[in-house]
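> In UniProt numbering, the protein residues as written are 1 to 526. For each residue, glycine too, the CB sits at the ideal point set by N, CA and C.
(1) Closer than 6 Å by C-beta to residue 264: which residues in its own chain qualify, once you throw out the five before and the five after it? Chain order, please.
(2) So, under 8 Å CB-CB, residue 159 and residue 11 are touching, yes? Tell me the CB distance rounded to an integer number of Å.
(3) Since residue 283 and residue 298 are thought to touch, with beta carbons under 8 Å apart, how far apart are those beta carbons, to the nearest angstrom?
(4) State the beta-bridge partners of residue 136 as determined by DSSP.
(5) Expressed to the nearest angstrom, what Euclidean distance is found between the alpha-carbon atoms of residue 396 and residue 375?
(6) In whole angstroms, what separates the C-alpha of residue 310 from that of residue 277?
(7) Is residue 210 near residue 243, with beta carbons less than 8 Å apart?
(8) Let's see if you can read the secondary structure: which residues bound the beta strand (DSSP E) around residue 64?
(9) On the DSSP letters alone, give me the boundaries of the alpha helix (DSSP H) that residue 163 sits inside.
(10) Identify the residues that DSSP records as bridge partners of residue 235: which are they?
(11) Which residues mark the beginning and the end of the beta strand (DSSP E) in which residue 279 is found?
(12) Would you grab the beta carbon distance between residue 394 and residue 281 for me? Rounded to a whole angstrom, and I think it's under 8 Å.
(13) Are residue 100 and residue 123 closer than 8 Å when you measure CB to CB?
(14) Identify every residue that forms a DSSP beta bridge with residue 127.
(15) Quick one: Cα of residue 287 to Cα of residue 175, how far?
(16) For residue 67, which residues in the same chain have their Cβ closer than 7 Å to its Cβ, ignoring the five residues on either side in sequence?
(17) What is the DSSP secondary structure of residue 81, counted as helix, strand or coil?
(18) Extract the residue ranges of the alpha helix (DSSP H) inside the stretch 192-261, only unbroken runs of 4 or more that lie entirely within it.
(19) Would you kindly work out how many angstroms separate the C-alpha atoms of residue 221 and residue 358, rounded to a whole number?
(20) Throw me the rounded Cβ distance for the residue 381 and residue 338 pair, which I believe falls under 8 Å.
(21) Mind pulling the beta strand (DSSP E) runs of 3 or more residues that sit fully within the stretch 290-373?
(22) In the DSSP assignment, find the alpha helix (DSSP H) that holds residue 100 and state where it starts and stops.
(23) Taking 8 Å as the threshold, find out whether the stretch 142-152 comes into contact with the stretch 105-114 through three or more Cβ pairs.
(24) Rounded to whole angstroms, what's the CA-CA distance from residue 8 to residue 14? Just pull it up for me.
(25) Whose C-alpha, out of 334, 267, 369, 192, is nearest the C-alpha of residue 412?
(26) On the three-state DSSP scale, how would you describe residue 386?
(27) Are there three or more Cβ pairs, one per stretch, closer than 8 Å when the stretch 195-212 is compared with the stretch 250-266?
(28) With C-beta atoms as the reference, is residue 269 less than 8 Å away from residue 207?
(29) Contact check, residue 409 vs residue 240 under 8 Å by CB: the rounded distance?
(30) Going by DSSP in three states, residue 452 sits in which element: helix, strand or coil?
(31) Taking residue 187 and residue 216 to be in contact with their CB atoms under 8 Å, please state how far apart those CB atoms are, rounded to whole angstroms.
(32) With distances taken from CA atoms, which of 228, 103, 189, 169 is nearest residue 205?
(33) For residue 38 and residue 49, I'd like the C-alpha separation in whole angstroms.
(34) Given this structure, state the Cα-to-Cα distance separating residue 16 from residue 343, to the nearest angstrom.
(35) Reducing DSSP to helix, strand and coil, say where residue 49 ends up.
(36) Do residue 81 and residue 125 come within 8 Å of each other at the CB atom, strictly closer than that value?
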């Protein structure tokens with residue numbers, strides 16, 4: 001029997017015992033012969049504890065891989081009900097530290113003799129998590145943090161992922177709540193996310209990109225990475241002294257403006273999401289620090305999300321629909337964002353969205369909770385069996401966390417209202433909401449979304465032009481050329497109308513009217 005098989009089998013039995021202990025044997029024992037071994041364990045007395053709580057407790061006892069999987073699963077509101085995601089978000093990623101002698105071997109192997117590389121190295125870790133331990137050190141006269149991957153963690157994760165694939169297949173077959181959820185795709189997402197977090201070179205790349213994006217922002221500071229001594233298993237980063245963002249009393253003692261910090265934190269994430277399309281996917285309080293001067297310091301860049309420009313437009317439209325309580329706009333955005341299984345009853349979907357919108361009708365904008373809105377939308381998504389892109393799920397979780405942090409810092413802080421203000425200040429065409437022009441603006445935004453399919457339009461025009469050329473109809477060809485020119489004028493005029501003010505609006509409206517006049521004249525001439 002190979003060492004690998006022994007390790008796999010031993011871990012398999014260990015997982016069985018823990019699942020039995022927390023009362024989950026009924027889900028597995030009758031469906032897979034290996035789970036008969038779980039009968040050998042003594043079942044714990046957890047009948048009085050709720051099912052979601054037992055899931056969390058079992059994951060904590062199962063160890064690093066399962067804790068990480070649980071934390072990632074906390075964002076899967078498209079699959080799991082709120083009571084589960086809420087409980088999983090409480091998972092603590094704190095474990096007993098590995099002996100320093102073991103960690104020192106990894107450092108020596110990866111970057112050289114620890115005594116030669118660092119002028120000073122504190123052997124007591126300042127943090128011990130499921131994947132890595134963090135130490136303070138001095139490098140070339142500067143204070144740094146050294147993040148070292150735990151021994152054999154990659155092997156442990158791979159074994160656990162293999163077992164998880166078996167467990168997930170059993171769960172999907174036998175639990176009604178999970179049937180048809182394509183859990184094999186979910187575990188692939190977990191695997192991809194987790195393996196990226198194990199490679200500190202990827203985290204270093206993410207940190208450097210954030211540092212470049214925010215280098216001119218006085219309210220945000222991203223610590224620098226020391227690439228010359230960073231590897232797959234060791235990451236060395238500038239140490240920046242700060243206060244955890246949820247330590248309210250300590251920040252007050254340093255005269256930090258809590259309202260300013262709440263707004264800077266929201267702005268940090270809105271820029272990432274709506275402007276850069278590259279965002280920190282795990283902004284919990286342990287990953288955000290604040291220093292004097294109201295400067296925010298986000299750390300831990302192992303988990304990030306990326307959003308394409310097209311997806312950003314859809315997100316922006318969703319936010320517009322939410323802030324304006326426009327159910328049609330929300331449905332339109334969801335249809336573009338989500339992956340629907342089979343035919344979808346759009347009228348029924350619209351009715352469900354309208355029901356959610358009506359819940360918020362009559363409330364002032366500052367009274368609307370973004371988190372509550374997202375939770376209600378996710379219930380609808382589960383009902384219609386919609387698969388959401390994983391980045392969007394992380395995004396929903398990140399926005400909810402930011403809203404929660406913002407309200408702790410400044411109870412009157414409102415994410416939805418701040419999004420409106422942010423959009424106006426940054427001249428985001430799709431988000432600039434001015435009530436006096438609302439109906440007209442929505443009309444032009446809808447037109448712009450249609451024109452984003454311009455390649456298809458160009459192909460059709462090109463085909464028409466070829467037909468005219470074949471017939472040698474010079475008159476019709478010139479007519480087509482004028483229509484194509486109108487498209488260019490229309491796009492430019494629409495852009496000016498949305499983002500500009502004062503006299504430029506008059507010019508843009510003139511351009512829009514002119515382009516429509518030419519377009520219809522050419523159409524009816526034929």
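So, to answer that:
(1) Closer than 6 Å at Cβ, skipping near neighbours: 219, 296.
(2) That pair is a contact at about 5 Å.
(3) Rounded, the Cβ-Cβ distance is 7 Å, consistent with contact.
(4) DSSP lists 145 as partners of residue 136.
(5) In a straight line, the C-alpha of residue 396 is about 9 Å away from that of residue 375.
(6) Here the alpha carbon of residue 310 sits roughly 10 Å from the alpha carbon of residue 277.
(7) Cβ distance not < 8 Å, so residue 210 and residue 243 don't count as in contact.
(8) That residue, residue 64, is in no beta strand (DSSP E); its alpha helix (DSSP H) goes 64-73.
(9) Membership of residue 163 in the alpha helix (DSSP H) is indicated by the continuous run 153-174.
(10) Looking at the DSSP assignment, residue 235 forms a beta bridge with 147.
(11) 278-280 is the span of the beta strand (DSSP E), which, as asked, contains residue 279.
(12) With a Cβ gap of about 4 Å, residue 394 and residue 281 count as contacting.
(13) In contact: residue 100 and residue 123 (Cβ atoms closer than 8 Å).
(14) Residue pairing by DSSP puts residue 127 in a beta bridge opposite 134.
(15) Here the C-alpha atom of residue 287 lies approximately 35 Å from the C-alpha atom of residue 175.
(16) Short of 7 Å from the beta carbon of residue 67, and not among the five residues preceding or following it, lie these beta carbons of its own chain, in chain order: 59, 60, 91, 93, 130.
(17) DSSP places residue 81 in coil when its eight states are reduced to three.
(18) Within the stretch 192-261, the complete alpha helix (DSSP H) runs of at least 4 residues are 200-213, 248-253.
(19) Rounded to the nearest whole angstrom, the CA to CA distance from residue 221 to residue 358 is 41 Å.
(20) The pair is a contact, with the Cβ atoms about 7 Å apart (cut-off 8 Å).
(21) The beta strand (DSSP E) runs lying completely inside the stretch 290-373 and spanning 3 residues or more are 295-298, 304-306, given in chain order.
(22) Note, residue 100: alpha helix (DSSP H), 100-111.
(23) Contact holds between the stretch 142-152 and the stretch 105-114, because three or more Cβ pairs, one in each stretch, are under 8 Å apart.
(24) Their Cα atoms are separated by approximately 10 Å.
(25) Nearest C-alpha to residue 412: 369.
(26) Note: residue 386 maps to strand in three-state DSSP.
(27) With the rule of 3 Cβ pairs closer than 8 Å, the stretch 195-212 does not count as touching the stretch 250-266.
(28) Their beta carbons are not under 8 Å apart, which means residue 269 does not touch residue 207 by this criterion.
(29) About 20 Å; that fails the 8 Å criterion.
(30) Only weak support exists for where residue 452 lies, its pLDDT of 48 falling under 50; the coordinates are left without a value.
(31) Going by Cβ atoms, the distance from residue 187 to residue 216 rounds to 41 Å, so no, they are not a contact pair.
(32) It is 228.
(33) With a pLDDT of only 49 at residue 38, under 50, the local geometry of the prediction cannot be trusted, and the value read off the model is given with reservation. Looking at the two C-alpha atoms, the distance is approximately 21 Å.
(34) Straight-line Cα distance between these residues: approximately 40 Å.
(35) Under the three-state reduction of DSSP, residue 49 is assigned to coil, being neither helix nor strand.
(36) For residue 125 and residue 81, no; Cβs fall outside 8 Å.
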